[in-house]
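Read left to right, the sequence shown gives residues 49 to 380 (the numbering used here).
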Amino acid sequence: MTRYAAESTWWGKQEIVVLNDTASRRRLRIARHGAAVLGFEVVRHGVVHDLADGYRNADEVLRRPGSRFAIMVPFAGRIGDARYRFDGQSQDLQPGVNDTQRASRHGFVRDVDFAVDSLLADNDGASVMLSSAAIRPQPGYPHAVDLSVRFTLDAQGMTLEALMRNVGNEAAPCFFGWHPYFRLAAGGIEDWQLQIPAQTVIRTDADLIPLADQAAYVSLDHVPALDFRAPRRIGDAIIDQEYCELGADPDGRIRTRLHDPVSGLGIAVWQERGVMHAFTADTVSRDARRAVALEPMECMADAFNRPDCTTAIRLLPGAERRFRCGVEVDPS
């Protein structure tokens with residue numbers, strides 16, 4: 049019998065995939081609906097801890113409160129007024145919708161049932177490949193993008209690798225984001241320690257849309273309340289910010305670290321490029337300030353409207369782009 053195992057099963061009315069590490073008793077559960085992680089269980093001192101603050105039941109998977117562990121493609125975060133301009137063409141993602149009700153966020157695949165393309169397991173790890181062809185021409189987005197997401201569980205933790213391919217005839221704006229929430233212990237987050245290896249924070253308006261041009265970029269030297277370059281206690285800080293100019297470790301991975309000094313549990317959310325959006329969940333309707341969202345994103349919110357993001361989001365016909373991120377457990 050191999051160390052790792054992978055299977056499809058059911059959780060209520062939701063079909064899910066379970067990846068198991070039988071040696072360390074780690075387990076990763078993922079829903080086909082939205083390709084959302086439901087649980088990431090690890091064992092410490094003989095006690096099972098679920099680090100993922102995911103959905104509690106199959107009904108929540110459909111209602112998706114807080115967009116927990118959402119895959120965000122072809123854009124992450126928000127698009128200002130649900131309008132943008134790309135290659136000289138103005139686009140409206142919500143034609144006919146009243147101004148007071150206009151809102152477009154987190155892409156188009158949160159309610160998609162992904163196909164299971166492969167389930168693999170051996171002594172080195174377990175993985176599942178999920179795919180969707182749901183991103184097709186629609187109001188405000190006249191493009192076609194195929195998306196696949198591979199989740200891998202191995203000795204280091206979990207890895208997510210997204211592949212976006214433009215199957216249309218024209219260049220498309222497209223980038224990846226992930227919206228995971230983590231819980232290291234019961235109770236509040238105030239005593240957890242956070243470290244974000246950034247030099248700059250993104251300044252936004254009241255709708256969380258980054259300010260125009262260079263006004264969006266603020267050195268953390270000028271906003272000490274949001275400065276987590278050195279590990280420090282979260283305390284009463286209210287965070288719903290994107291951080292950029294991220295510094296990588298010698299292996300090329302950018303690591304945002306979260307640690308609970310009481311339980312001793314710690315994680316590093318890693319990515320290879322992009323921005324990190326940190327959110328202390330003050331405004332969520334369920335368990336406010338009981339988890340921290342650490343969101344690796346290829347670009348900042350409203351990137352479709354930003355000239356400084358044009359190159360990063362542009363996906364040519366027939367081209368594909370990958371984005372890799374993941375979670376390491378108990379990093380030293």
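Just so it is clear, CB atoms sit at the ideal spot from N, CA and C, and this is done for glycine as well.
From a predicted model like this one, the values you see are computed outputs, not experimental measurements.
- Remark: three or more beta-carbon pairs, one from each stretch, lie closer than 8 Å, so the stretch 185-192 and the stretch 136-143 are flagged as touching.
- Scanning its chain for C-beta atoms nearer than 6 Å, with the 5 sequence neighbours on each side dropped, one finds no residue around residue 309.
- If one requires a minimum length of 3 residues, the beta strand (DSSP E) runs lying completely within the stretch 285-333 are 288-294, 302-307, 314-319 and 323-327, in chain order.
- When secondary structure is reduced to three states using DSSP, residue 373 falls in the strand class.
- Around the Cβ of residue 289, a 10 Å sphere holds 16 or more other Cβ atoms; the residue is buried.
- The stretch 327-347 makes no contact with the stretch 246-254, as fewer than three CB pairs between them are under 8 Å.
- Shown here for residue 96: same chain residues with a beta carbon closer than 6 Å to its own, the five before and five after excluded, namely 89 in chain order.
- Only exposed fits residue 270, as fewer than 16 other CB atoms lie within 10 angstroms of its CB.
- Beta-bridge analysis with DSSP links residue 186 to 189.
- With a threshold of 16 other beta carbon atoms within 10 Å, residue 73 falls short and is exposed.
- Residue 74 is bridged by DSSP to 69.
- The three-state reading of DSSP puts residue 119 in strand, counting E and B together.
- Three or more Cβ pairs drawn from the stretch 120-138 and the stretch 348-358 lie within less than 8 Å of each other, which places the two stretches in contact.
- Under the criterion of beta carbons closer than 8 Å, residue 360 and residue 156 do not qualify as touching, at roughly 19 Å.
- Contact annotation: the stretch 363-370 does not touch the stretch 257-277, with fewer than three C-beta pairs closer than 8 Å.
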